[in-house]
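Everything below concerns the one structure shown next.
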Amino acid sequence: MFAMSYKVQRYVILVSFLTLPLLLLAVFSFYPALYLAWLSFTSWDGYSPEKAWVGLSNYKEIFTNADIFKVLSHNFVYFIGGIVQNIVALFFAVLLNSRLRGRNAFRVLLFLPYIMNSVAIAYMFTYVYDAQNGSLNALLTSVGLQSWIKSWLGDAAIVNYSLAFISAWKFMGFNMVIYLGALQSIPGDLYEAAKIDGAGPFKSFLYITWPSIIKIVELSMLLTVSGALEVFDLPFVMTKGGPAGSSQTFVTQTVETAFNFSNYGLASAMGMVLLFIVVLVIFVQRKLILRGGD
Numbered sequence: 001m002f003a004m005s006y007k008v009q010r011y012v013i014l015v016s017f018l019t020l021p022l023l024l025l026a027v028f029s030f031y032p033a034l035y036l037a038w039l040s041f042t043s044w045d046g047y048s049p050e051k052a053w054v055g056l057s058n059y060k061e062i063f064t065n066a067d068i069f070k071v072l073s074h075n076f077v078y079f080i081g082g083i084v085q086n087i088v089a090l091f092f093a094v095l096l097n098s099r100l101r102g103r104n105a106f107r108v109l110l111f112l113p114y115i116m117n118s119v120a121i122a123y124m125f126t127y128v129y130d131a132q133n134g135s136l137n138a139l140l141t142s143v144g145l146q147s148w149i150k151s152w153l154g155d156a157a158i159v160n161y162s163l164a165f166i167s168a169w170k171f172m173g174f175n176m177v178i179y180l181g182a183l184q185s186i187p188g189d190l191y192e193a194a195k196i197d198g199a200g201p202f203k204s205f206l207y208i209t210w211p212s213i214i215k216i217v218e219l220s221m222l223l224t225v226s227g228a229l230e231v232f233d234l235p236f237v238m239t240k241g242g243p244a245g246s247s248q249t250f251v252t253q254t255v256e257t258a259f260n261f262s263n264y265g266l267a268s269a270m271g272m273v274l275l276f277i278v279v280l281v282i283f284v285q286r287k288l289i290l291r292g293g294d
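Taking the numbering used here, the leading residue of the sequence shown gets 1, the next gets one more, and so forth.
Right, dumping it as structure tokens:
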């Protein structure tokens with residue numbers, strides 16, 4: 001029987017364990033990405049067997065058509081909602097990290113929206129926002145705030161804010177748990193020493209809590225930026241991009257270009273542009289806004 005040395009055995013084990021994950025990564029990530037990049041240089045309707053090579057024509061159309069990039073202003077609303085969401089999540093994390101009675105129950109209640117299916121949440125809030133029989137307008141009527149009643153999904157001026165609120169409500173619990181884990185990793189001795197030195201809650205947060213969790217905040221902001229640029233499910237299910245395209249996002253516009261207008265080449269180019277924008281925004285955020293830390 002062939003006896004392998006320890007070094008050979010080590011390499012055999014490493015290769016054995018890495019082969020399947022790398023194969024899956026290549027099949028379901030690298031190959032689709034490369035195929036998408038190639039498809040972005042073609043003109044294809046999604047049906048015909050031939051794909052005509054058009055070079056940079058798709059990219060030229062993207063960068064010369066102002067309507068394509070105009071929808072990014074709708075994505076910006078989700079980014080603002082994400083910032084508010086992170087602030088609220090951090091507030092609840094600090095609050096529930098204290099010795100509050102029933103804190104575990106509150107943690108579960110705040111985290112529950114995150115584990116709910118996005119489509120189910122969309123249909124639930126479709127009823128909440130219904131202009132005629134919705135629970136939100138019914139609540140406003142019952143408390144005497146009839147002047148606040150709106151067509152939450154039918155008014156172009158507020159539809160994106162209505163959808164961004166749902167997104168913030170869903171993901172706030174996730175960020176809260178992340179922040180809570182970061183807070184619990186801070187040694188309690190630091191707070192005791194600060195208390196002995198006369199530091200109040202605000203100074204303790206400013207000089208102990210914040211420096212200790214800044215890396216986690218950076219990670220959450222990276223997820224917030226990328227998530228805001230890639231919003232799809234809520235506007236697609238609840239408004240179909242309406243009214244009059246006022247809730248259209250870059251991803252829903254890409255999907256519409258591919259499946260409604262049968263222009264898969266242009267849609268692929270839009271996907272590549274979105275990928276470039278996400279990478280660029282994250283790079284700028286890491287290097288300029290977030291101090292370029294490792």
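For each residue, glycine too, the CB sits at the ideal point set by N, CA and C.
- Leu136 and Phe165 have their C-alpha atoms some 13 Å from each other.
- Gln248 and Lys7 have their C-alpha atoms some 56 Å from each other.
- In the structure shown, Thr257 adopts helical secondary structure according to DSSP, grouped into three states.
- Residue Leu234 holds the alpha-carbon nearest to the alpha-carbon of Asn75 among Thr257, Leu234 and Arg286.
- Non-local C-beta neighbours of Phe236 in its own chain, meaning closer than 6 Å and more than five positions away in sequence, comprise Thr252, ordered along the chain.
- A straight-line Cα-Cα distance of about 28 Å links Ile178 and Phe250.
- With respect to the 8 Å criterion, Trp152 and Tyr129 are classified as neighbours on the basis of their beta carbons.
- Each of Lys170, Ala52 and Val108 was checked against the Cα of Gly82, and the nearest Cα belongs to Lys170.
- For Ala156, the closest C-alpha among the options Met272, Ala258, Val77 and Gln285 is that of Val77.
- Non-local C-beta neighbours of Phe232 in its own chain, meaning closer than 8 Å and more than five positions away in sequence, comprise Thr249, Val251, Thr252 and Val255, ordered along the chain.
- By the Cβ criterion, the stretch 39-49 is not in contact with the stretch 181-194, since fewer than three pairs of Cβ atoms, one from each stretch, lie closer than 8 Å.
- A Cβ-Cβ distance of about 6 Å is found for the pair Ile62 and Ala269, placing them in contact under the 8 Å criterion.
- 8 Å or more divides the Cβ of Gly245 from the Cβ of Leu36.
- Taking a 10 Å sphere around the C-beta of Tyr264, we find 16 or more other C-beta atoms and assign the residue as buried.
- Taking 8 Å as the cut-off, the beta carbon of Ile186 is found closer than this to the beta carbon of Ser212.
- Shown here, Ala52 sits in a strand according to DSSP, grouped into three states.
- Residue range Tyr6 to Leu25 is occupied by the alpha helix (DSSP H) that includes Lys7.
- With contact defined as three or more Cβ pairs closer than 8 Å, the stretch 43-54 and the stretch 212-228 are not in contact.
- When secondary structure is reduced to three states using DSSP, Thr42 falls in the strand class.
- Leu112 is positioned such that its CB atom lies no closer than 8 Å to that of Arg103.
- In the three-state DSSP reduction, Lys215 falls in the helix class (H, G or I).
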